[in-house]
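Just so you know, the sequence shown maps onto residues 5 to 264 in the working numbering.
We put the CB at the ideal spot given by N, CA and C, even for glycine.
Predicted model, so just to flag it, every value in this text is computed and none were measured.
To start, the structure under review is shown below, and the notes come after it.
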Amino acid sequence: MIKGKRMERRLRRRRVILRLFLFILILFSSYLFIFQTHFFNIVDIEVIGVDRIEPEQIIEASPYSVGINIFKIDKGLWEEALNAIPYIRNSRVSRSLPDRIIIEVEERTEVAVIPHIGALVHIDEEGYILSIEQENEGIDLPRIVGLELKGPEVRDNVFELLEISDMTEFILLGQKSGLFSMMKHIDCSDMNNIIIGLKNGIKVAFGPLHNVKYKYSFLHHILEDIEKEDRDVRRILFNKGGNPVVITGSQQGELYEEDE
């Protein structure tokens with residue numbers, strides 16, 4: 005009986021050892037298959053969501069390339085490298101087994117330019133500098149003038165540096181209302197009275213960046229009426245009290261009140 009128990013223990017130990025050996029063997033074989041064969045080597049990198057940036061530019065900026073093992077990449081490091089590109093707001097790298105990488109990109113878009121010493125500083129709606137290029141009259145973007153930039157560099161945030169973060173709301177609400185694309189220039193020399201020059205020649209004394217949504221709504225209504233009635237309006241003043249004042253070609257100011 006005692007010999008039987010000893011034999012049973014030996015068999016049990018052998019089974020445990022055998023199972024451990026098989027586990028290690030499987031683990032080692034899996035390691036060799038995953039990391040030492042070409043089956044999981046990257047053969048294709050697909051870039052999704054780009055419009056302005058060429059996919060090749062993103063691939064060239066990547067810390068990894070075709071041929072590397074897909075499990076050896078650091079996705080966080082890859083995304084960090086891509087997010088350093090000025091025109092990229094956010095990126096996401098994912099594996100598509102066995103051998104493809106998919107890069108999803110959210111781009112930043114140029115919405116305005118700031119003239120600066122013979123050059124144009126291109127910014128997005130948050131005020132990030134995307135590029136600094138030579139002056140070009142053919143660029144059809146609103147020009148923000150009256151801002152004093154000191155040594156601007158790509159990726160700087162102009163609105164934060166100049167402490168005018170309200171400009172982001174001004175731009176976003178302007179885009180939503182469709183009015184921002186109608187602007188030729190925005191004069192910020194006096195932040196208490198922003199002067200907007202529209203492409204149709206009308207100048208708008210917008211006042212400070214307060215009640216922006218309300219002002220845009222009023223301005224949209226006024227411009228619709230001007231177009232319907234074919235009026236010769238030169239200026240629209242939001243800095244003369246509660247309701248805007250419309251200045252016509254005869255230079256007579258009139259109080260504009262929204263219809264009930």
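Exposure of residue i, with buried meaning 16 or more beta-carbon neighbours within 10 Å
{"i": "residue 20", "result": "exposed"}
{"i": "residue 128", "result": "buried"}
{"i": "residue 183", "result": "buried"}
{"i": "residue 218", "result": "exposed"}
{"i": "residue 258", "result": "Any reading at residue 258 is ruled out, since the residue's pLDDT is 49, under 50, leaving its predicted position unreliable."}
{"i": "residue 35", "result": "exposed"}
{"i": "residue 238", "result": "exposed"}
{"i": "residue 240", "result": "buried"}
{"i": "residue 39", "result": "exposed"}
{"i": "residue 95", "result": "buried"}
{"i": "residue 214", "result": "exposed"}
{"i": "residue 121", "result": "exposed"}
{"i": "residue 211", "result": "buried"}
{"i": "residue 98", "result": "exposed"}
{"i": "residue 66", "result": "buried"}
{"i": "residue 44", "result": "buried"}
According to DSSP, residues forming a beta bridge with residue i
{"i": "residue 119", "result": "124"}
{"i": "residue 135", "result": "126"}
{"i": "residue 209", "result": "199 and 241"}
{"i": "residue 51", "result": "107"}
Residue i in three-state terms, based on DSSP
{"i": "residue 258", "result": "With a pLDDT of 49 at residue 258, under the threshold of 50, the modelled position of that residue is not reliable, and no figure is offered here."}
{"i": "residue 19", "result": "helix"}
{"i": "residue 56", "result": "coil"}
{"i": "residue 229", "result": "helix"}
{"i": "residue 157", "result": "coil"}
{"i": "residue 249", "result": "strand"}
{"i": "residue 224", "result": "helix"}
{"i": "residue 167", "result": "coil"}
{"i": "residue 187", "result": "strand"}
{"i": "residue 151", "result": "coil"}
{"i": "residue 178", "result": "helix"}
{"i": "residue 46", "result": "coil"}
{"i": "residue 70", "result": "coil"}
{"i": "residue 145", "result": "coil"}
{"i": "residue 13", "result": "helix"}
{"i": "residue 41", "result": "coil"}
{"i": "residue 193", "result": "coil"}
8 angstroms contact criterion, which residue i and residue j should meet: CB distance rounded
{"i": "residue 91", "j": "residue 134", "result": "6 angstroms"}
{"i": "residue 115", "j": "residue 62", "result": "That belief does not hold up - the Cβ atoms of residue 115 and residue 62 are roughly 22 angstroms apart, past 8 angstroms."}
{"i": "residue 173", "j": "residue 117", "result": "Not a contact, Cβ separation roughly 19 angstroms."}
{"i": "residue 103", "j": "residue 74", "result": "6 angstroms"}
{"i": "residue 206", "j": "residue 190", "result": "With a Cβ gap of about 14 angstroms, residue 206 and residue 190 do not count as contacting."}
{"i": "residue 70", "j": "residue 46", "result": "5 angstroms"}
{"i": "residue 54", "j": "residue 111", "result": "6 angstroms"}
{"i": "residue 158", "j": "residue 131", "result": "No, residue 158 and residue 131 are not in contact; Cβ-Cβ is about 13 angstroms, not under 8 angstroms."}
{"i": "residue 202", "j": "residue 187", "result": "6 angstroms"}
C-beta neighbour in chain C for residue i, strict 8 angstroms
{"i": "residue 163", "result": "Looking at the structure shown, chain C is missing, and only one protein chain is on hand."}
Let me know the beta strand (DSSP E) ranges lying completely inside the segment 78-114, each 3 residues or longer, listed in chain order. 92-100 and 104-111
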